[in-house]
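Residue numbers (my numbering), protein chains in the order written: chain U, 1067 to 1444; chain Z, 8 to 335.
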């Protein structure tokens, strides 16, 4: 029962045919291509900045001279129910982004500390999803060689289908409600998100593995008597880098939004730990009086998600050997070629979404996988 | 066709059963006392014993699951101290916190989600297909690129951020709309639409991106086919070719994805409902999760799963009906 295969009109396996194409030159070449793309460079720099902010949060707060948890009653206007004094939520030299209503805690400090939670949970959840998805997908993709293998593949694939059909968001709400509050919340969030979100990756990995398995170099490895584990690691895994890396860049911002969303609902990170979702949820009661308080976390989250979306798009182009990427030496000629290709009606050279039904546009596996990925909770 | 239909329906039934088992296992077979959880924090030992008896937690696990399934199909009586409340046919359990059968609570909330799903679906189809066509008419040119960028930005926006920005924009800065307050359709259709306009917009703007891409890709793919070449050779105006003939290529995928998305919203638009204060399933889920009202959470999860599975199956069937190549 493959719920999702029919959507593109073709089974995932057959569309993913030209799998394992890697741009010549390995990782270094991919980095070069990524850097050569203007959007890729911008996204890389922005992601680097975000990581830097998260890592150096205490020093950044110290630089401002504030910390995320001390109250500043003197900065609040008790007559208006505790909204900050001064324009734009109390922005000034002391408090760079203003202070929080009713408590007077420093917003900049809370924001940079919140980046740790957001990024930490998102990266952790994504790594968990990758690990589970790779394990299940590789096992299912390589299984049906042996005698019992076909059953193992069928079982793993059905489990994946079931996981795809789960109402993920409701499950995470329910699980967060059941687990006792003493369990560390960021860890729990990471576990829940990865435990519920590995299925799309497993599907991609299985489809790609089945294609790669038929390659001559894998057959050669089998002939030399290499173990299945060695084949998975040395022969298959390198071919999976492109589709999995591209998909990871799609999943990571989704996990970030999921964490922010659950904290927004009051089910995620507990106070006094600050998180962007939590800031947004308290901000909802203040948006009439103190719009700055809403806009600071909202725009931060938005910019982060957009950055990752841009990175995913750039990664997809960088991994696609057919996509036009300007190179330093032949920039002008290739740019002209790119313009020509973009003008052609067939297979637009750089479609913004990977959600096309034309298999030649974008990486084949991701192109088939994205329509089957579940919509985010609304 | 009959075989295809049967296979799909059987598959859906299997997934639903597995879903029920999983939900049950997660919430009733967890370590800890489910009776205590179901009963809530302020629960006397007398009530606790009743709940424990009603849940049958002293029975073996397989038997408990069987009771859970028969309760779902046949209904079950729940004793609440002096009286017994009969929970009829599709019984999802009994909430000891609000003293109501779960099914009844869910059915009361469903109209909100139906209103949300249908209204926003109409809007996102309009926006998505419209912008997709707009982009496909001149692929690669500036308006294609601008549309793509705008749509990608909107599509990446978390829905609660979108809702918050819409609320601030429309209700605080421009003051064109009052703060939404749900009015049932049967009470006052005009008020209903006015109050739901912002929630519809929030969902539609976030969801439209996928439809833009699907439409654009489908149209561009169809434009390469022979029958379009023939039409062009006959001298049909390009606009008419796109709007009349190329659109059909995108239709099956758009309808299929729309069916699934409608299922997702029907199952509860958690953020939109929380943000705009709409009393739907999503809001109920969050409220019950924060008060640890386990039967309700479990019931909503199961209903949401069922709605999504049903929507996926409907999408598959629709796709098969619209695209004859899928049927094999």
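Glycine is no exception: its CB is placed at the ideal position from the N, C-alpha and C atoms.
Original post:
Applying a beta-carbon distance threshold of less than 8 Å, which residues of chain Z neighbour residue 1354 (chain U)?
Top reply: 179
Original post:
In chain U, which residues lie with their C-beta within 9 Å of the C-beta of residue 134 (chain Z)?
Top reply: None at all; the shortest Cβ gap to chain U is about 15 Å.
Subject >> Minimum Cβ-Cβ distance from residue 1239 (chain U) to chain Z less than 8 Å >> reply: yes
Original post:
Which residues in the same chain as residue 1345 (chain U) place their Cβ atom closer than 6 Å to its Cβ, once the five residues preceding and following it in sequence are excluded?
Top reply: 1363
Original post:
From residue 1112 (chain U) to residue 1188 (chain U), what distance separates their C-alpha atoms?
Top reply: 16 Å
Subject >> Separation of residue 1169 (chain U) from residue 1163 (chain U), as counted between CA atoms >> reply: 15 Å
**OP:** Take residue 184 (chain Z) and list the residues in its own chain whose beta-carbon comes closer than 8 Å to its own, dropping the five residues that flank it on each side.
**Re:** 177, 178, 201, 204 and 205
Original post:
Could you give the distance in angstroms between the alpha-carbon of residue 1377 (chain U) and the alpha-carbon of residue 1230 (chain U)?
Top reply: 25 Å
Subject >> Closer than 8 Å to chain Z by CB, residue 1364 (chain U) >> reply: yes
Subject >> Euclidean distance between Cα positions of residue 131 (chain Z) and residue 279 (chain Z) >> reply: 15 Å
Subject >> Assigned secondary structure, residue 105 (chain Z) (DSSP; H/G/I helix, E/B strand, else coil) >> reply: coil
Original post:
Does the segment 235-248 of chain Z come within contact of the segment 1190-1200 of chain U, defined as at least 3 CB pairs closer than 8 Å?
Top reply: no
**OP:** Could you pull out every residue in the same chain whose Cβ sits closer than 6 Å to the Cβ of residue 298 (chain Z), ignoring the five residues on either side in sequence?
**Re:** none
Original post:
Interface residues of chain Z around residue 1323 (chain U) at Cβ under 7 Å?
Top reply: 165
**OP:** Output yes or no for whether 8 Å exceeds the beta carbon distance between residue 304 (chain Z) and residue 311 (chain Z).
**Re:** no
Original post:
With 16 other CB atoms within 10 Å as the buried threshold, where does residue 326 (chain Z) fall?
Top reply: buried
Original post:
Shorter than 8 Å from the beta carbon of residue 1249 (chain U) to some beta carbon of chain Z?
Top reply: no
Original post:
Straight-line CA distance for residue 118 (chain Z) to residue 173 (chain Z)?
Top reply: 23 Å
Subject >> N-terminal and C-terminal residue of the alpha helix (DSSP H) that residue 1345 (chain U) is part of >> reply: 1342-1349
**OP:** Report yes or no: is there a C-beta of chain Z within less than 8 Å of the C-beta of residue 1167 (chain U)?
**Re:** no
Subject >> Span separating the alpha-carbon of residue 1360 (chain U) from that of residue 288 (chain Z) >> reply: 26 Å
**OP:** Quick one: grab the DSSP three-state call for residue 1416 (chain U).
**Re:** Residue placement at residue 1416 (chain U) is flagged as unreliable, the pLDDT there being 41, under the threshold of 50; a coordinate-derived value is accordingly withheld.
Original post:
From what residue to what residue does the alpha helix (DSSP H) around residue 1191 (chain U) run?
Top reply: 1173-1209
Subject >> Straight-line Cα distance separating residue 1257 (chain U) from residue 1422 (chain U) >> reply: Because residue 1422 (chain U) carries a pLDDT of 35, less than 50, the predicted location of this residue cannot be relied on, and no value is offered for it.
Original post:
Is the Cβ-Cβ distance between residue 265 (chain Z) and residue 128 (chain Z) less than 8 Å?
Top reply: yes
Subject >> Same chain, Cβ closer than 7 Å to residue 277 (chain Z), five either side skipped, listed in chain order >> reply: 289, 292 and 293
Original post:
On the three-state DSSP scale, how would you describe residue 183 (chain Z)?
Top reply: coil
**OP:** Flag residue 1 (chain Z) as yes if its beta-carbon sits less than 8 Å from any beta-carbon of chain U, otherwise no.
**Re:** Absent from the model: residue 1 (chain Z). The displayed extent of chain Z is 8 to 335, so no value can be given.
Original post:
If you run the structure through DSSP and keep just helix, strand and coil, what is residue 1338 (chain U)?
Top reply: coil
**OP:** Specify whether the segment 215-234 of chain Z and the segment 251-258 of chain Z touch according to this definition: at least 3 beta carbon pairs, one from each stretch, less than 8 Å apart.
**Re:** yes
Subject >> 7 Å Cβ cut-off: residues of chain Z touching residue 1368 (chain U) >> reply: 164 and 168
**OP:** In angstroms with no decimal places, state the Cα-to-Cα distance between residue 1387 (chain U) and residue 1103 (chain U).
**Re:** 14 Å
Original post:
At least one CB of chain U closer than 8 Å to the CB of residue 278 (chain Z): is that the case?
Top reply: yes
Original post:
Cβ of residue 1218 (chain U) less than 8 Å from any chain Z Cβ?
Top reply: no
Subject >> Nearest-angstrom Cβ-Cβ length linking residue 124 (chain Z) and residue 219 (chain Z), presumed shorter than 8 Å >> reply: About 20 Å separates the two Cβ atoms, so there is no contact after all.
Original post:
Quick one: which chain U residues come within Cβ less than 7 Å of residue 25 (chain Z)?
Top reply: 1228
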